[in-house]
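Take a look at the structure below.
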Amino acid sequence: MEEASMHYPARKKGIYSTYSAGCITIYDQDDKRTVLNHSATIIWQLSDGTKEVEEIINDIKDLFPESSNLDKEVLREDVFYLVDNGLLIISDEPSISENLLSICFLNFWNGFEVRKSYLLSLFLEMGTPVIVNYPDQCDILIYYQTISPLHVSAISRPSLIGIFHKLEDMEAAPFEIALTTFHSTRPECISLPLYFLNSTISELSSSRKNDLSSIARKIINGLNRSVREDDINHSLNVPEIRENKRANQRPVRLTIGMAVYDDYDGVFFTIQAIRLYHQEVLNQLSFLILDNHPQSAHGKQTQKFIGKLKNARYIPFEEYSSTSIKDILFREAETDFVLCIDSHVLLENGSIRRLLDYFKKHPDTNNLYQGPLVYDDLKHYSSSMNPEWRGGMYGTWKTDKEAKSADAEPFEIHMQGTGLMACRKEAWPGFNPRFRGFGGEEGYIHEKFKQAGSKTICLPFLRWIHRFGRPDGPKYRNDWRDRIRNYYIGFRELNWDCSPIDAHFTELLGIQKFNSIRQEILIELENPFLYFDAIFFITDNMEDKVEQVFRSLGILPLIRFISSDGHLNSIRELCQMALKYKYRQILVFRDKRLICAALTDHLYKLLEYIQTNRWRKIYIGNAEKGEITSTLYDDSTIKFDHSHKESSIVAVHHSQYVLELKQEKNTLSLP
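Here's what the structure looks like:
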């Protein structure tokens, strides 16, 4: 292994892949499928034949300095996993791999299969295709359409090449190069394709750099080689090639995310206001709605509304209730930048355009960005918060004179309300996954950015109005215990002194009531289960949640109930989600037989060991015998022992996630 690490890995030719949920699935010429985890995906992408293994590993460590689960040992294992599966070739001398081409097929008919299309053969000649799901992820967008004029208002590309069916008016095609072609005699082929290619194709292809005509000829040559010789005269017609000079810079894309709980009206008016009054940037926006109460009347109407929008996605989330589920919006966003707003916020005209312009000038920023909250009179505003306690909340509104004008320069602030915040997706440090209910966000998330070496910046132009009035009261749970608990969890994570929490809530609630709440919380915080970022209980009967037993153990707020009929019903799939959400360790219950007080005592002893020693995976108990025993693996080359398949409980460390994803999908499935 050490000797091979000095050699040069390169991607194997003649393969293509699909990308989804942070992972790549690779198909060889025989359609053999190999699923790669996050780290193996990065290695495969970086293995262009010009760098040695250790150089690639060091590059990954530089790219993801905060990802402790990407240790060098695991990365080396990933390299040799790729070699063993025939996806990388190790050479003694530097070479050059074929370029990666990220491709999206949009608007095709049901049952369309990429692997049966001549388009795949075409792009295999130009490089290594990576098939992605969304247009904003791709360099090449292949859009199926049969009529003209073109309907591409929802798609923005700065430099385009188009191939389409019988477009009569060449000037109607918004491309640098426009080609016409059709193929009516082969039903298995795509007869009416449109291609939208980003200008980066000139760098990805082997054609002469920036020579769009050469690229167009290469496409036509590829099509010619992919159809029967006697069909060529009927199927291909290239009457005209035209070139226009356009800007080559790819536009900034932004996800506007909202976490909602029974607020259809808010979601409707917030999104429609953006669509009406920010039309100049709509083609750079996508909406992401995370519904925390999807089964309610509001939830069903919200889902119906979002389903009507082309650039919007709806995610139901019922595992637990908390305003901190905003964290999921940043994890699920598919753009480089994310603007998270409450579901009842209005944005000043032009503010989104200016935010996009700002991010265009600062593409690598790691800061958190917020703006002035404008009150109902549209005059007074609060642009930041003081780190002070009032009314059961940490943070009091502050008006900074630097934000009086929307045209003022950005400036650093200590903290601000979290009804609006924006940052680069990869810079988001995350809310503590143990938060529940309402509160604990202000000050906490700002300190996390600060401890990561970043700042919180007020953008005076990013002005927003928040609907505070609730004539029917809040629909979500909002109680003192949740709030105080969140403050304790957050302050402890940040290594802050918790005595200000005690002083404020003693004064607010009275010493007797507060001490009662505090005592419950402190007992919970000492519970060994709190060590895990997420605890899942997989059940085939969602009504049988054994809530009383979990409550008796003091961990009911931590339990996330998962249906065995859902998509997260295996260790592998939960590890994939944990990797995406950056959980450090997870615990999975797959039956209720060992949920008892003795389990807590067992965990206390177990945690004394695992908190100071290396571990990757633990099997606890055995459903057949009902005994509480643990089998702990700390070897990076775990050989899975199927005698543990019936274990009631499984704990997985973040260093094990990538290895779990290498297993066959059914290896560790939970029945």
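All the letters of the sequence shown, read from the start, carry residue numbers 170 to 840 under the numbering used here.
For each residue, glycine too, the CB sits at the ideal point set by N, CA and C.
Margin query: Whole angstroms are fine: how far does the CA of Gly586 sit from the CA of Glu693?
Written below: Position 524 of the sequence shown, counting from 1, holds the residue named residue 693. Position 417 of the sequence shown, counting from 1, holds the residue named residue 586. Cα to Cα, Glu693 sits roughly 28 Å from Gly586.
Item checked: Where Asn782 falls, given that 16 or more other Cβ within 10 Å makes a residue buried -> In the sequence shown, the residue the question calls residue 782 occupies position 613. Label assigned to Asn782: exposed.
Notebook entry, point to check: How many angstroms separate the CA atom of Val436 from the CA atom of Ile425?
Noted result: Against the sequence shown, residue 436 aligns to sequence position 267. Against the sequence shown, residue 425 aligns to sequence position 256. Answer to the nearest angstrom: the Cα atoms are 12 Å apart.
Next item on the list: Give me the Cα-Cα distance between His822 and Gly609, rounded to the nearest whole angstrom.
Entry: Stepping through the sequence shown from its first residue, residue 822 is reached at position 653. Stepping through the sequence shown from its first residue, residue 609 is reached at position 440. If you take the alpha carbons of His822 and Gly609, they lie about 27 Å apart.
Margin query: Among the candidates Ile658, Asp569, Val543, Gly560, whose CA atom is the shortest distance from the CA of Phe600?
Written below: In the sequence shown, residue 600 corresponds to position 431, counting from 1. Looking at the Cα atoms, Ile658 is the closest of the given residues.
Next item on the list: Quick one: grab the DSSP three-state call for Lys570.
Entry: Within the sequence shown, numbered from 1, the residue matching residue 570 stands at position 401. Looking at Lys570 - three-state DSSP - the assignment turns out to be helix.
Next item on the list: Could you pull out every unbroken alpha helix (DSSP H) segment of at least 4 residues lying fully inside the region 475–549, listed in chain order?
Entry: 495–501, 520–530
Notebook entry, point to check: Nearest to Ala703 by CA position, among Ile690, Ala672, Ser732, Lys751, is which residue?
Noted result: What you label residue 703 is simply residue 534 of the sequence shown in a count that begins at 1. The shortest C-alpha separation from Ala703 is found at Lys751.
Item checked: Spatial distance of Ala416 from Ile626 (CA atoms) -> Counting from 1 along the sequence shown, the entry for residue 416 is found at position 247. Counting from 1 along the sequence shown, the entry for residue 626 is found at position 457. The predicted position of Ala416 is uncertain, since its pLDDT is 31 and thus under 50; no value can be drawn from it.
Check: Under a three-way DSSP split, which group does Asn655 fall into?
Finding: What you label residue 655 is simply residue 486 of the sequence shown in a count that begins at 1. The answer is helix: DSSP assigns Asn655 an H, G or I state.
Check: If you compare alpha carbons, which of Asp431, Met427, Gly790 is closest to Ile440?
Finding: As a working mapping, residue 440 is identified with position 271 in the sequence shown. Closest by alpha carbon: Met427.
Notebook entry, point to check: Around the Cβ of Glu449, are there at least 16 other Cβ atoms within 10 angstroms (buried) or fewer (exposed)?
Noted result: The residue you call residue 449 lines up with position 280 of the sequence shown. The residue is exposed, with fewer than 16 neighbouring Cβ atoms inside 10 Å.
Next item on the list: Starting from the C-beta of Ala577, find all residues in its chain whose C-beta is less than 7 Å away, skip the five residues before and the five after it, and write them out in chain order.
Entry: Against the sequence shown, residue 577 aligns to sequence position 408. Correct list, in chain order: Glu571, Pro629.
Next item on the list: Select from Pro463, Leu454, Ile497 the residue whose C-alpha is nearest the C-alpha of Lys479.
Entry: Reading the sequence shown from its first residue, position 310 is the one you call residue 479. Closest by alpha carbon: Leu454.
Notebook entry, point to check: Taking Cβ positions, are Val819 and Val243 nearer each other than 8 Å?
Noted result: The sequence position of residue 819 within the sequence shown is 650, counting from 1. The sequence position of residue 243 within the sequence shown is 74, counting from 1. No, the pair does not count as a contact, with Cβ atoms beyond the cut-off.
Next item on the list: Please classify Ile265: is it buried, with 16 or more other beta-carbons within 10 angstroms of its beta-carbon, or exposed?
Entry: For this step, residue 265 is matched to residue 96 along the sequence shown. Exposed, by the Cβ-count rule.
Next item on the list: Give the DSSP bridge partners of Gly606, in chain order.
Entry: Taking the sequence shown and counting its residues from 1, the one referred to as residue 606 is at position 437. DSSP, once it has assigned bridges, lists Ser491 as partnering Gly606.
Checklist line | Sequence-distant residues of its chain with Cβ nearer than 7 Å to Gly183 (five each side left out) | finding: Sequence index remark: in the sequence shown, residue 183 carries index 14 (1-based). The residues are Gln198, Leu293.
Margin query: Cutting at 6 Å between CB atoms, please list the residues of its own chain near Glu463, excluding the five before and the five after it.
Written below: Mapped onto the sequence shown, residue 463 falls at position 294. Sequence inspection shows Pro at residue 463; the Glu mentioned does not correspond to that position. Only Pro485 meet the Cβ criterion.
Note to self: Please state whether the Cβ-Cβ distance between His549 and Asp432 is less than 8 Å.
What the structure shows: Looking up residue 549 in the sequence shown gives position 380. Looking up residue 432 in the sequence shown gives position 263. No, these two residues do not count as a Cβ contact at 8 Å.
Next item on the list: Ignore the nearest five residues each way along the sequence and tell me which others in Ser491's own chain have a CB closer than 7 Å to its CB.
Entry: Along the sequence shown, one-based indexing puts residue 491 at 322. Result list for Ser491: Phe604, Arg605, Gly606, in chain order.
Next item on the list: Assign Ile707 to one of three DSSP states: helix, strand, or coil.
Entry: As a working mapping, residue 707 is identified with position 538 in the sequence shown. Three-state result, Ile707: strand.
Note to self: Determine whether the beta carbon atoms of Ile309 and Ser271 lie at a separation below 8 Å.
What the structure shows: Translated into positions along the sequence shown, residue 309 becomes position 140. Translated into positions along the sequence shown, residue 271 becomes position 102. Their beta carbons are under 8 Å apart, which means Ile309 touches Ser271 by this criterion.
Margin query: Quick check on DSSP: helix, strand or coil for Thr769?
Written below: Here the question's residue 769 lines up with position 600 in the sequence shown. It is helical.
Checklist line | DSSP bridge partner residues for Cys667 (one or two, in chain order) | finding: The count along the sequence shown starts at 1 and reaches residue 667 at position 498. Per DSSP, none; premise fails for Cys667.
Item checked: Limits of the unbroken beta strand (DSSP E) element including Lys786 -> Counting from 1 along the sequence shown, the entry for residue 786 is found at position 617. It spans 786–789 - the beta strand (DSSP E) in which Lys786 sits, taken as one unbroken run.
Notebook entry, point to check: What are the start and end residues of the beta strand (DSSP E) that includes Ile818?
Noted result: Taking the first residue of the sequence shown as position 1, residue 818 is located at position 649. Taken as a continuous stretch (DSSP letters only), the beta strand (DSSP E) holding Ile818 covers 818–822.
Margin query: Along the chain, where does the alpha helix (DSSP H) containing Asp228 start, and where does it finish?
Written below: On the sequence shown, position 59 is the one that residue 228 refers to. Element bounds for Asp228: 222–232.
Check: Between which two residues does the beta strand (DSSP E) harbouring Ile184 extend?
Finding: The count along the sequence shown starts at 1 and reaches residue 184 at position 15. First-last for Ile184: undefined, no H or E at that position.
Item checked: Distance CB(Phe705)-CB(Phe758) smaller than 8 Å -> In the sequence shown, the residue the question calls residue 705 occupies position 536. In the sequence shown, the residue the question calls residue 758 occupies position 589. Yes; because the gap between Cβ atoms is below 8 Å, this pair is in contact.
Notebook entry, point to check: Thinking just about the alpha-carbon of each residue, which of Pro263, Ile211, Gly218, Asp434 is nearest to the one in Arg639?
Noted result: Here residue 639 corresponds to residue number 470 of the sequence shown, with the count starting at 1. Ranking Pro263, Ile211, Gly218, Asp434 by Cα distance to Arg639 puts Asp434 first.
Notebook entry, point to check: Should Tyr430 be labelled buried (16 or more other beta-carbon atoms within 10 Å of its own) or exposed?
Noted result: Counting from 1 along the sequence shown, the entry for residue 430 is found at position 261. It is buried - the Cβ of Tyr430 has at least 16 other Cβ atoms within 10 Å.
Checklist line | Counterpart residues of Met590 in DSSP-defined beta bridges | finding: Numbered from 1 along the sequence shown, position 421 holds the residue referred to as residue 590. Its beta-bridge partners are Cys509.
Note to self: By the three-class DSSP mapping on this structure, what secondary structure does Asn555 have?
What the structure shows: Position 386 of the sequence shown, counting from 1, holds the residue named residue 555. Strand, per DSSP.
Check: Opposite Phe758 in the DSSP bridges: which residues?
Finding: Position 589 of the sequence shown holds residue 758. Answer is Phe706, Ile818, bridged to Phe758.
Margin query: As an exercise, report each continuous beta strand (DSSP E) stretch of at least 3 residues that is fully enclosed by the region 252–276, in chain order.
Written below: 257–260, 269–275
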